[in-house]
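Protein chains: 2
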Amino acid sequence: MSTILDVAKLANVSTATVSRVINSPDNVRPKTRERVYRAMKTCRYKYNALARGFVTKRSHTIGLIIPTITNPVFSESTRGVQDVANANGYQVILGNSDYQSEKEAALIEVFRERQVDGLIITTTNLKGNILKNLLDDEFPYLLLYSTVRKGPMPSVGVDNFLGGYLATGHLIQLKHRRIGMLAGEFRFSDRSFHRWHGYKKCLKDNQIAYDPELLLHARYTPVSGCKGLKRFINAKNPPTAVFCSNDLLAIGAIEGARQMGLGIPHDISIIGFDDMQIASFVSPSLTTIRQPTYEMGRQGAEALIDIIEGKAGKPVHKLLDISLIPRESTGANT
Amino acid sequence: MSTILDVAKLANVSTATVSRVINSPDNVRPKTRERVYRAMKTCRYKYNALARGFVTKRSHTIGLIIPTITNPVFSESTRGVQDVANANGYQVILGNSDYQSEKEAALIEVFRERQVDGLIITTTNLKGNILKNLLDDEFPYLLLYSTVRKGPMPSVGVDNFLGGYLATGHLIQLKHRRIGMLAGEFRFSDRSFHRWHGYKKCLKDNQIAYDPELLLHARYTPVSGCKGLKRFINAKNPPTAVFCSNDLLAIGAIEGARQMGLGIPHDISIIGFDDMQIASFVSPSLTTIRQPTYEMGRQGAEALIDIIEGKAGKPVHKLLDISLIPRESTGANT
DNA sequence: TTGTACGCGTTATCAC
DNA sequence: GTGATAACGCGTACAA
Numbered sequence: 005m006s007t008i009l010d011v012a013k014l015a016n017v018s019t020a021t022v023s024r025v026i027n028s029p030d031n032v033r034p035k036t037r038e039r040v041y042r043a044m045k046t047c048r049y050k051y052n053a054l055a056r057g058f059v060t061k062r063s064h065t066i067g068l069i070i071p072t073i074t075n076p077v078f079s080e081s082t083r084g085v086q087d088v089a090n091a092n093g094y095q096v097i098l099g100n101s102d103y104q105s106e107k108e109a110a111l112i113e114v115f116r117e118r119q120v121d122g123l124i125i126t127t128t129n130l131k132g133n134i135l136k137n138l139l140d141d142e143f144p145y146l147l148l149y150s151t152v153r154k155g156p157m158p159s160v161g162v163d164n165f166l167g168g169y170l171a172t173g174h175l176i177q178l179k180h181r182r183i184g185m186l187a188g189e190f191r192f193s194d195r196s197f198h199r200w201h202g203y204k205k206c207l208k209d210n211q212i213a214y215d216p217e218l219l220l221h222a223r224y225t226p227v228s229g230c231k232g233l234k235r236f237i238n239a240k241n242p243p244t245a246v247f248c249s250n251d252l253l254a255i256g257a258i259e260g261a262r263q264m265g266l267g268i269p270h271d272i273s274i275i276g277f278d279d280m281q282i283a284s285f286v287s288p289s290l291t292t293i294r295q296p297t298y299e300m301g302r303q304g305a306e307a308l309i310d311i312i313e314g315k316a317g318k319p320v321h322k323l324l325d326i327s328l329i330p331r332e333s334t335g336a337n338t
Numbered sequence: 005m006s007t008i009l010d011v012a013k014l015a016n017v018s019t020a021t022v023s024r025v026i027n028s029p030d031n032v033r034p035k036t037r038e039r040v041y042r043a044m045k046t047c048r049y050k051y052n053a054l055a056r057g058f059v060t061k062r063s064h065t066i067g068l069i070i071p072t073i074t075n076p077v078f079s080e081s082t083r084g085v086q087d088v089a090n091a092n093g094y095q096v097i098l099g100n101s102d103y104q105s106e107k108e109a110a111l112i113e114v115f116r117e118r119q120v121d122g123l124i125i126t127t128t129n130l131k132g133n134i135l136k137n138l139l140d141d142e143f144p145y146l147l148l149y150s151t152v153r154k155g156p157m158p159s160v161g162v163d164n165f166l167g168g169y170l171a172t173g174h175l176i177q178l179k180h181r182r183i184g185m186l187a188g189e190f191r192f193s194d195r196s197f198h199r200w201h202g203y204k205k206c207l208k209d210n211q212i213a214y215d216p217e218l219l220l221h222a223r224y225t226p227v228s229g230c231k232g233l234k235r236f237i238n239a240k241n242p243p244t245a246v247f248c249s250n251d252l253l254a255i256g257a258i259e260g261a262r263q264m265g266l267g268i269p270h271d272i273s274i275i276g277f278d279d280m281q282i283a284s285f286v287s288p289s290l291t292t293i294r295q296p297t298y299e300m301g302r303q304g305a306e307a308l309i310d311i312i313e314g315k316a317g318k319p320v321h322k323l324l325d326i327s328l329i330p331r332e333s334t335g336a337n338t
């Protein structure tokens with residue numbers, strides 16, 4: 005593989021000139037520029053971005069850590085991150101934490117060793133010292149899908165508390181009084197935790213006693229949602245409506261109800277969270293809380309790049325809008 | 005940021021020894037090893053993998069090019085690639101081509117400039133000289149979801165022709181004679197093209213005349229599937245069954261039928277392709293052709309790493325098994 | 001406008 | 001078992 009030195013020799017210029025042709029072509033006389041371009045062609049020169057990164061100490065790479073790319077919600081935000089990153093000359097390295105904080109910590113280490121210019125993290129545990137280390141090192145990073153709203157850690161997210169509140173309010177408005185919640189494990193996802201708080205608060209505001217029997221934990225998969233719903237139905241005093249803390253759970257729950265011979269929303273109402281692409285295409289279509297995942301990725305990447313490039317002021321804390329999308333999976337309690 | 009030189013000074017050893025402690029600790033006396041470890045701690049040393057890559061000419065990075073991470077099928081295979089890559093010390097850079105060969109070509113360039121050790125490409129156009137260039141440069145790469153079965157280009161995929169044949173055969177067995185196909189654009193996806201060939205061949209083998217009116221092209225989205233199905237229904241002589249060339253289309257088609265007031269499978273049968281995670285959770289659950297996407301990613305990454313590390317013999321051509329998964333969206337023609 | 005020369009952090013090749 | 005030192009390919013003062 006040829007280097008700028010080869011090109012330089014071939015074009016009878018110095019390596020500095022070749023470098024200039026690559027990075028600031030305007031600073032070089034058109035004639036020599038042409039000569040260099042020709043030389044690059046004849047020796048099939050390929051630019052080595054790694055070597056550049058080595059000297060400039062900028063890899064133009066962003067590390068993106070998410071629970072798993074397999075969840076459509078994170079695919080969407082990943083796409084948003086990528087689009088903004090690429091538009092700004094950055095590439096994205098992807099890492100899955102599987103909701104395990106050890107994997108998360110390991111990924112942060114690996115990515116930093118690889119000299120990524122910054123990190124976007126959808127974290128599962130804020131207690132560790134890992135994030136504090138990043139802060140101490142003044143390493144550029146940003147929390148995505150974050151529940152953090154103030155402090156030194158930059159973040160982009162939605163108001164999960166509000167989401168839980170909206171979902172529950174919708175069900176209460178439909179005359180439901182016995183409302184279950186199928187939630188992701190709190191220790192793995194503080195988002196789920198905040199949604200639960202919104203749920204509880206809304207119950208309280210409507211004079212409905214909170215019943216711990218109506219909280220069930222599940223993994224974020226349809227299968228788990230299906231099982232969870234069946235457990236609810238088989239309880240002594242089953243709910244008439246269930247708030248699932250994401251759409252994958254909700255879709256599983258719908259299937260679970262179906263398998264138990266229950267009509268939706270006639271016998272039981274189901275509401276999800278996320279509004280992933282297929283939420284409107286399942287049958288019955290899914291009532292859910294929409295969060296702008298793609299946009300979240302975009303804005304997260306924009307904010308991170310600002311930090312990386314020194315254009316940022318004090319830590320940003322963006323809270324994107326969410327909204328209730330009423331569809332067919334919820335109906336009046338009869 | 006401290007370097008091995010700082011560590012070396014602090015531990016009173018040479019940089020070579022520090023490097024040894026990092027890469028082959030057994031080759032260094034335990035006592036000095038300890039001294040070095042301590043020195044690394046006191047000056048908060050962080051290993052620079054970029055610098056290593058620069059000298060070893062191995063970045064331990066794989067470039068993965070897919071149409072879009074937003075399609076669950078590609079999320080799954082991406083996960084497979086990542087799992088194998090990470091287990092072998094590689095990281096994955098992700099690029100979306102959006103089914104555009106120019107973007108694909110640009111990504112290949114960018115990734116090569118970044119000195120990725122190899123590429124995994126789910127390509128959309130094999131005609132270009134781009135892949136031939138890779139071959140000429142002896143650059144490690146592999147085609148995923150590939151229809152290529154022989155020749156110098158290593159590939160992992162499934163038999164899409166067979167898939168199309170199986171899907172069509174299933175419908176014919178259910179007494180359907182007028183079978184439509186909702187297909188991804190052939191020029192963007194040779195996979196779709198091969199499925200169509202399987203479809204045609206199966207019709208022929210069953211003495212059913214091929215009717216070009218029964219081929220409709222669509223983008224790989226539920227919305228497009230929905231529109232496509234409506235167009236079919238509004239035709240003079242509509243099909244009684246539709247083979248969609250992926251599940252996203254099929255889910256959209258089901259919704260389209262529903263909006264037209266048609267019962268599934270009573271009024272019209274729908275079969276998809278992929279068996280993505282939620283295929284069994286939509287209602288009616290989706291009959292489809294299952295392809296092992298996660299496993300495809302795994303095997304692709306394994307094969308690529310073999311090539312990178314010089315363990316490969318002649319180009320591999322793996323064809324993974326596919327199978328018909330009959331569910332509720334298809335039924336007998338009445 | 002162009003060239004010279006050094007440095008970036010690590011590994012690898014010799015010696016010792 | 002350890003040390004000295006030359007690469008690796010590029011950017012960038014500084015000089016011309």
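Going line by line, the protein sequences match chains A and B.
All you need for our numbering is the position in the first sequence, starting with 1, plus 4.
All you need for our numbering is the position in the second sequence, starting with 1, plus 4.
Backbone N, C-alpha and C fix where the C-beta goes; we use that ideal spot for every residue, glycine too.
These numbers come from a predicted model, not from an experiment.
{"query": "The alpha helix (DSSP H) spanning Met44 of chain B covers which residue range?", "result": "Pro34 to Thr46"}
{"query": "For a contact defined as C-beta to C-beta under 9 Å, what are the partners of Leu98 of chain A on chain B?", "result": "Leu68, Ile73, Thr82, Gln86, Gln95, Val96, Ile97 and Leu98"}
{"query": "What's the call for Val59 of chain B, buried or exposed, on a 16-neighbour Cβ count within 10 Å?", "result": "exposed"}
{"query": "Quick one: which unbroken alpha helix (DSSP H) runs of 4-plus residues sit fully inside the stretch 265-295 of chain B? Chain order, please.", "result": "none"}
{"query": "Can you give me the C-alpha to C-alpha distance between Asp209 of chain A and Asn241 of chain A, rounded to a whole angstrom?", "result": "22 Å"}
{"query": "Less than 6 Å separating the Cβ of Pro156 of chain A from some heavy atom of the ligand COA?", "result": "Ligands in the displayed structure: none, and consequently the ligand COA is not present."}
{"query": "Given a threshold of 16 other Cβ atoms within 10 Å of its Cβ, counted over all protein chains shown, does Pro76 of chain A qualify as buried or as exposed?", "result": "buried"}
{"query": "In the DSSP assignment, the beta strand (DSSP E) including Ile212 of chain A goes from what residue to what residue?", "result": "No beta strand (DSSP E) holds Ile212 of chain A; DSSP gives it neither H nor E."}
{"query": "Give the single residue among A:Leu290, A:Gln86 and A:Tyr41 whose Cα lies nearest to the Cα of Gln303 of chain A.", "result": "A:Gln86"}
{"query": "Looking only at DSSP bridge pairs, what is Leu147 of chain B linked to?", "result": "B:Ile125 and B:Ser159"}
{"query": "Can a CB atom of chain A be found closer than 7 Å to the CB of Phe247 of chain B?", "result": "no"}
{"query": "Could you please tell me which residues of the stretch 213-245 of chain B, in chain order, have their CB closer than 7 Å to any CB of chain A?", "result": "Pro226"}
{"query": "Is it the case that the stretch 307-323 of chain B contacts the stretch 224-236 of chain B, given that we only count it when at least three CB pairs across the two stretches are under 8 Å?", "result": "no"}
{"query": "I'd like the span of the alpha helix (DSSP H) that includes Asn27 of chain A, first residue to last.", "result": "Thr19 to Asn27"}
{"query": "On the criterion of 16 or more Cβ atoms from any shown chain inside 10 Å, does Gln119 of chain B qualify as buried, or is it exposed?", "result": "buried"}
{"query": "Taking only the alpha-carbon atoms, compute the straight-line gap between Pro319 of chain A and Tyr298 of chain A and give it to the nearest angstrom.", "result": "21 Å"}
{"query": "In terms of residues, what are the limits of the alpha helix (DSSP H) holding Gln95 of chain A?", "result": "Gln95 of chain A -> not in any alpha helix (DSSP H); beta strand (DSSP E) instead, spanning Gln95 to Asn100."}
{"query": "So who's on the other strand from Leu323 of chain A, going by DSSP bridges?", "result": "A:Gly161"}
{"query": "Excluding the 5 residues preceding and the 5 following Arg37 of chain B in the sequence, name in chain order all residues of the same chain whose CB lies nearer than 7 Å to its CB.", "result": "Val25 and Pro29"}
{"query": "Roughly how many angstroms separate the alpha carbons of Tyr203 of chain A and Ile212 of chain A, rounded to a whole number?", "result": "11 Å"}
{"query": "So Ser286 of chain A contacts chain B; which residues on that side make the cut at Cβ distance below 7 Å?", "result": "Looking at the sequence itself, residue 286 of chain A is Val, so the reference to Ser does not match. Ordered by position in chain B, the residues that pass the 7 Å Cβ test against Val286 of chain A are Val286 and Ser287."}
{"query": "Would you verify that the beta carbon of Tyr51 of chain B is, or is not, closer than 7 Å to some beta carbon of chain A?", "result": "yes"}
{"query": "Have a look at A:Arg294, A:Gly335, A:Ser6 and A:Pro226 and flag the residue whose alpha-carbon is nearest the alpha-carbon of Leu324 of chain A.", "result": "A:Arg294"}
{"query": "Report yes if the C-beta distance between Tyr224 of chain A and Asn250 of chain A is below 7 Å; otherwise report no.", "result": "yes"}
{"query": "Over the uninterrupted beta strand (DSSP E) stretch that includes Val120 of chain B, give me the two end residues.", "result": "First-last for Val120 of chain B: undefined, no H or E at that position."}
{"query": "Using a beta-carbon distance cut-off of less than 9 Å, what residues from the stretch 269-285 of chain B approach chain A?", "result": "Gln281, Ile282, Ser284 and Phe285"}
{"query": "Pairing CB atoms from the stretch 130-146 of chain B with CB atoms from the stretch 95-114 of chain B, are three or more of them under 8 Å?", "result": "yes"}
{"query": "Which residues in chain A have a C-beta closer than 7 Å to the C-beta of Phe143 of chain B? List them in chain order.", "result": "Near Phe143 of chain B there are no residues of chain A at all, since even the closest Cβ is about 10 Å away, more than 7 Å."}
{"query": "Looking at C-alpha atoms only, which residue of B:Asp194, B:Phe190 and B:Val227 is the closest neighbour of Leu219 of chain B?", "result": "B:Phe190"}
{"query": "Who are the Cβ neighbours of Ser287 of chain A in its own chain at under 6 Å, not counting the five residues just before and after it?", "result": "none"}
{"query": "If you draw a straight line from the alpha carbon of Thr292 of chain A to that of Phe247 of chain A, how long is it in whole angstroms?", "result": "9 Å"}
{"query": "On the three-state DSSP scale, how would you describe Ile258 of chain B?", "result": "helix"}
{"query": "Kindly indicate which three-state DSSP category Thr74 of chain B falls into: helix, strand or coil?", "result": "coil"}
{"query": "Hey, out of B:Ala53, B:Ala20, B:Pro269 and B:Ile97, whose CA is closest to Ile66 of chain A's CA?", "result": "B:Ile97"}
{"query": "With the cut-off set at 7 Å, would you say Phe236 of chain B and His201 of chain B are in Cβ contact?", "result": "no"}
{"query": "Buried or exposed for Ala91 of chain A, going by 16 or more other Cβ atoms inside 10 Å?", "result": "exposed"}
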